[in-house]
Each structure stands twice: as structure tokens, then as C-alpha cells.
Amino acid sequence: MIRNSRFKYNGIGRAFKQMFLQMLYWLLLFAGFRAFFLIYYFGLVKFEKPGIAHVLYSFIAGLHLDFATTAYFLMIPFVLILFALLLGQRFLRGALTAYTFLITFLYILISAGEIGIYKEWQTKLNYKAIAYLSRPSEVFNSATTADLISLILVVAIGVTLFTWLYRRYFLLKGDWKRHWWYALIWLVVWPPVLVITARGGLQQIPINQSESFYSKHNILNVAAVNNAFNLYISLFENKEFLDKNPFEVMPTDAAKRIIDPVFKPSCDSTTQILTTNRPNIVILIMESWSADLIASLGGRPGITPEFNALEKEGLLFKNCYASGSRSEQGMACIFSGFPAHPYTSITVQPDKYKKLPTVTSILDKTGYATSFMFGGQLIYGNIKSYIMYNGFDRITELADFKNRFPEGKLGIHDQYTLSALQENLDKEKQPFFASLFTLSTHSPYDQPMAEKLKWDVNEREYINSAYYTDWCLGEFFRKAKTKSWYKNTLFIIVADHSHNSYKNWDPKSFNYHHIPMLWLGEAIAPEWRGKTYDDICSQTDIAGTLLPQLGLEAKNFHWSRNMFNSCSTPLAYHCTEQVVGWKKTQGEYIWDFTQKKPFSTDATPPLSDSLKDESRAFLQLLFQEYINY
14 MIRNSRFKYN
24 GIGRAFKQMF
34 LQMLYWLLLF
44 AGFRAFFLIY
54 YFGLVKFEKP
64 GIAHVLYSFI
74 AGLHLDFATT
84 AYFLMIPFVL
94 ILFALLLGQR
104 FLRGALTAYT
114 FLITFLYILI
124 SAGEIGIYKE
134 WQTKLNYKAI
144 AYLSRPSEVF
154 NSATTADLIS
164 LILVVAIGVT
174 LFTWLYRRYF
184 LLKGDWKRHW
194 WYALIWLVVW
204 PPVLVITARG
214 GLQQIPINQS
224 ESFYSKHNIL
234 NVAAVNNAFN
244 LYISLFENKE
254 FLDKNPFEVM
264 PTDAAKRIID
274 PVFKPSCDST
284 TQILTTNRPN
294 IVILIMESWS
304 ADLIASLGGR
314 PGITPEFNAL
324 EKEGLLFKNC
334 YASGSRSEQG
344 MACIFSGFPA
354 HPYTSITVQP
364 DKYKKLPTVT
374 SILDKTGYAT
384 SFMFGGQLIY
394 GNIKSYIMYN
404 GFDRITELAD
414 FKNRFPEGKL
424 GIHDQYTLSA
434 LQENLDKEKQ
444 PFFASLFTLS
454 THSPYDQPMA
464 EKLKWDVNER
474 EYINSAYYTD
484 WCLGEFFRKA
494 KTKSWYKNTL
504 FIIVADHSHN
514 SYKNWDPKSF
524 NYHHIPMLWL
534 GEAIAPEWRG
544 KTYDDICSQT
554 DIAGTLLPQL
564 GLEAKNFHWS
574 RNMFNSCSTP
584 LAYHCTEQVV
594 GWKKTQGEYI
604 WDFTQKKPFS
614 TDATPPLSDS
624 LKDESRAFLQ
634 LLFQEYINY
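If you're matching positions, the sequence shown starts at 14 in the working numbering and goes up one per residue.
Here it is in C-alpha cells:
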């Protein structure tokens, strides 16, 4: 028995031990350079006064991404050990050492580079570093001799130290037995372990940087996010345009001459529609709401009767359009006035979205209490990290409800989150800026209400989920009207994006992107209640419109128009992976940039030519701004 146990340990058992030692080594490396980063920037950390426990939590917050990165790093050792179990291990120690040395060198190089650039960029190392590699002279000319020497020393000492540690404590010595049976066990156990760990678990949404964001202090979030993981995501999201803006069709100056008159009105004649410049503000972001749900916007009657009733108390924007088709794009549109663009979303990249202005941060500086609530997981689309960057005082998502309410497949349904929002507002210091993102109108549509609408066309489940959320809205407002804070509150109901409806619009069309937006509450002047705003507009215009109503500057939201400035050009635009849509009072033009021809237009020359030039100039400038961030 003793001999047999030893035999097993020297075979499959020893292989498992080596794999676990590899895992521990990578975790130690990640923790070591996280500590080095915090020590190097101790002065900045100390200046922000986060508290020692809060600083140390960066090691805990970073573990999830560290494990995911480790799983990727273990792919090659998995293959090497598999061959060793089949063919013998004569080559294994040398191969593992060489591989570990190479990855250690690259990781330390990334980490040292990040330490070097953080003071200047205030961000992690990203895809731009690859672009700089093609121009090494610029790098060397911009760095001091001391910087270069420090970088070389950190890399040299780090690689030497960790390679020694690996060979001394993490690389098994001696021989082990080989057998095809051991290889079979290896193949059964490790692939699912590595795949599940690499994606961060069995949840629907794979892991992203949001998992490590935990602090209002950006430097601690930077420390927590794994360097290698972040660089990989940055490269993946930007691989198509490392060197050139794919939408560049004219000189930059020419594009600006075309677009500036559209977004820079010649005067400011803002009409005030609020009774106060210090109202409470509640933004209800409706998941996947299409204008086709609303009877007054062209939809079938009976789907959203509560919304229809609320229209009589507020200002309905009849021609509002979503800029993108995903939730994370909608968040950037609403809070930063930054339009959606093809290929990727700015919210998935912390190094980019941190350059954006946010409504929340401005209101926070003026004394507003701020909060954000969602019944699901904010990790989707990296929304959590973007929302945290916004500077909300309190963020509540699925885990924070601590099983208070029944859950569906995606999270807590709208009736419960709206009720929780109301409870929070009862306790909130005024004025407050609160936002809630609904959930129940997202598939799989398992809302706790029996189907009420016997729908004879497609999208039956979606339509009934909208009916349920609409009922939840009605309940929320019936209770809200009894609260003391209601009399001084502006509510903004707006969709994050649209959804395929029973009308089956083409996703490239403006009809598909038509969404509801309603401003209501007693903070709106009586003469504006029950009215409609008929000009063309976009969800991106919220920031540029709301802030001037509060007497605050909105010039940094340069893609966001002030809808109540009569000198502003009525405009809407949307972007998909194939087209950019451009809609003005005079007509619309949708340019298919994949086929290099118009998808549709309702204008004739010369107007169509003008709309075409504007749409292409806009996309060129917007995407260049994204690249430059």
C-alpha cells in the first residue's frame, strides 16, 4: 500500500502539485508588483487618505482577475505536463523554467512600464503602448536617463528575484512516473478548471475589469486590476485601429468645419422649464424600451398604460433616438453625453472613459447626494467600473440586496428595486441625484407577473415584460407622490437603447432606434406639463440640457446639445457595426461604411450630399476622439 501510494504521488499527484505551485507563483508575482506599485506611489495614496484597510483591500479585490489571468498563464504548463505524463519528463523542468522566465519577464516589463507612465497618464498600460513601439525614438526622447535606468533596474532585479524564487520554491525536483492513465485524468480535470477560472466562473457574463473596482480612489482601482489582463482587453478592443482611424475620409480641419456649426450654436437662448435650479433628480433608465411600446409614439395601445398616464404630468420627447444598441453604450450617452461608436464601447476601457466628463461628478461637487441602483450584476459591459468612476456616493447592485427580495435568472425584478429606491430616497439628504437601471425587460423575461397581453404577433414575451415594468412604474409613482421630496423632484425616464419590436424594423434604421423619453415631476413648470417636445433629439442630449437648467456649465459635453436652446440644431445620430445614421429636421441619411454606400436616405441632392458629409465627418471626429483618449 505504501509503495502504491508513493507511486501515485510520483505520477499524477506530483503533476497536480506542480500545477498548483505554478498557480501560487503567478499569484505571488501579481501581489508583489501590486505592492511595489502602491509603495512607489505611496505619496499619492497617502494624499488621498483612503485608510490602510482600504488600501490593503486592493489585494483582495484583485484576486478574481489574478486567478483569471493565472488560468491563461497555466495553459502552456498544462500542455507541457500532459506531454510529460505521456512521454516522460526529461524536458519538463527546462521547458517550464524557460516559459516561466519569458512570461515573468513580460509581466514585469508591463508592470514596470505601468509604474513609469501612471504619473503622466493616470492610467494603466494600454494598447497605446504597442503603437509607441513603432516609434521607439519618441519613447527614448521623452524619458529621462534616470527613468530609463530605473526601468531597466526594476526589470532586471524583478526578473532575477522571481526566477530564483521559482526555481528554488515552485519547481519540483526529482523524477515521477508516467502512464497514459495519468494523462487521461489530467485531460478530464484541468481543461474545465482552466476555462471556468479564465472566464471568472459559471455566471452568464465573463469577468472584466469591473470585478476589481472597489474604491472611489482611482489609484487603488488601478493597483487592483491585473496588469496583463487589462493590457489584453485593451489590445483586443482596439486591434482594428492601432495605427489609423478607419473612418478617416477627409482632413481633420475639413471635418471640423462641417461639424462645428452643428454642435456649436451661434447663440444661447435657453428656455427654463424648471421651477428651481436645485431640484432632486431621479433618472430611471429603462432596459430595452422601444418607442413601439408607447401608444403616443406610434405603438399599439395597452402595452404601457401607466407611462401613457404619466405623459399628462410631464414633457414627452416624441422624436428621441438612442445612439447605440447596448447598455454600456447607453450609460456613456446618458451620464457623459458621449455617443456610441462602432467596434467597441468606451466604457469597457478605464483608460479612456476616465477622460469623459460626467453629470454625476459635477452634481456631486455642488452638494448633491448621489446614488445608482441595479437589480443585476453591473459587471456586464464593464458598467460597474464606469459607474464607480462617475463618483456616485452609493452604488447598489445584486449582491448588495443580500437576499431581501425574490430573484429571477438575471437578478431582482423591477417592482422590488423600485420599492428599494423609494426607501432609499426617503432617507436621502436633499438635493439628491439618483439613478435606477431596470432589468425585467431583458431576456429571459421571467418577471413575476402572468402574461396579461394575448399578443398575436412576435415579441410576445418582450411585450409582456414591458407591461410588467410599466405596472411597476405606476406603483412607484403612486407611492412617490405621497412623499415630501416629490414636490421638488425632476424625474427623467429614458431607455438605454431600443429593442426589436413587433414591427420588425431594420436595426440600421432610425425607426429601430426610436426610444421614449419623458421628463416629469412638480419641479417642471406647470405650463410645460402635459406637453410634447417635437424636435429631433437623442439620449446624449440629457447632459447638455439638464445642466443649463440647473445653472451649471455643460461646455465639456461637446456632443450633447441643449434641447431648450432655440439656436441649437435638432439632431439625432446612431451607430451600429455597419452604419452611422444622421437625422435632422430636413431629412435623414444612413451611411453604410462597410459597403461604402448609403443604406437609406429620404433626401435628394444637394441636401443628401450635405447630410452624407456631416455624418461621415461626425463619425471621423468622434472615433478620433475615442482613439486619442
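Idealized CB from N, CA, C, for every residue including glycine.
Distance CB(residue i)-CB(residue j) smaller than 9 Å
i      : j      : result
ASN293 : TRP498 : yes
ALA508 : ILE476 : no
ILE359 : TYR586 : no
ALA345 : SER511 : no
SER340 : LEU369 : no
GLN362 : GLU250 : yes
ALA382 : ASP406 : yes
SER432 : TYR458 : no
LEU486 : GLU300 : no
ILE307 : LEU449 : no
ASN290 : LEU138 : no
LYS521 : VAL470 : no
LYS492 : GLN435 : yes
LYS609 : ILE549 : no
ALA650 : PHE385 : Here the chain comprises residues numbered 14 to 642, so residue 650 is not present and cannot be evaluated.
TYR480 : ILE316 : yes
LEU42  : PHE320 : no
GLY327 : ILE555 : no
Sheet register partners of residue i (DSSP bridge)
i      : result
THR614 : TYR602
CYS550 : CYS333
PHE445 : ALA382
HIS455 : Partner(s): none; HIS455 has no beta bridge.
THR288 : Partner(s): none; THR288 has no beta bridge.
GLU261 : Answer is none; GLU261 lacks a bridge partner.
VAL295 : ALA447 and PHE504
TRP532 : LEU328 and ILE505
PHE387 : PHE450
Cβ distance (whole Å) where residue i is taken to contact residue j below 8 Å
i      : j      : result
ILE375 : LEU560 : 7 Å
ILE286 : PHE49  : ILE286 to PHE49, Cβ: 54 Å. No contact.
LEU207 : LEU87  : 6 Å
ASN403 : THR371 : 5 Å
LEU98  : ALA108 : Actually they do not touch by this definition, with Cβ atoms about 14 Å apart.
TYR195 : ILE25  : 4 Å
THR82  : LEU329 : With 8 Å as the limit, THR82 and LEU329 do not qualify as a contact, their Cβ atoms being about 48 Å apart.
SER336 : THR553 : 5 Å
VAL176 : THR117 : The amino acid at residue 176 is misidentified as Val; the sequence shows Thr. 6 Å between Cβ atoms; contact.
Own chain residues within Cβ distance below 6 Å of residue i, not counting five before or after
i      : result
SER225 : ALA74, GLY75, LEU78, ALA237 and VAL238
PHE631 : ILE272
GLY534 : THR502, LEU503 and PHE504
PHE5   : Any answer about residue 5 is impossible in this case: the structure gives the chain only from 14 up to 642.
SER579 : SER282
THR582 : VAL275
SER155 : Only weak support exists for where SER155 lies, its pLDDT of 44 falling under 50; the coordinates are left without a value.
TRP468 : ILE476
SER398 : GLN222, SER223, PHE226 and PRO363
DSSP state of residue i mapped onto helix, strand, coil
i      : result
CYS485 : helix
GLU319 : helix
ARG473 : helix
TRP177 : helix
ILE73  : helix
THR545 : strand
TRP595 : strand
ALA28  : helix
GLY327 : strand
HIS526 : helix
PHE242 : helix
THR283 : strand
HIS587 : strand
SER578 : Correcting the residue identity first, residue 578 is Asn in this sequence and not Ser. Strand.
ILE218 : coil
GLU566 : coil
Neighbourhood of residue i by C-beta distance below 8 Å, restricted to the same chain and skipping five residues each side
i      : result
GLY214 : ILE220
THR620 : For the sequence presented, residue 620 should be read as Leu rather than Thr. Excluding positions up to five away in sequence, the list reads GLN599 and GLY600.
ILE246 : ASN221, GLN222, VAL361 and GLN362
ASP605 : LYS521, GLN591, VAL592, PRO611 and PHE612
Residue i: CB within 8 Å of a non-hydrogen atom of the ligand SAM
i      : result
ASP406 : Because no ligand of any kind appears in the structure shown, any question about the ligand SAM cannot be addressed here.
Close Cβ partners of residue i (< 7 Å) along its chain, the five nearest in sequence each way excluded
i      : result
HIS354 : CYS588, LEU635, PHE636 and TYR639
PHE104 : none
ALA268 : ALA630, GLN633 and LEU634
C-beta neighbour in chain D for residue i, strict 9 Å
i      : result
ASP615 : No chain D is part of this structure, which consists of one protein chain only.
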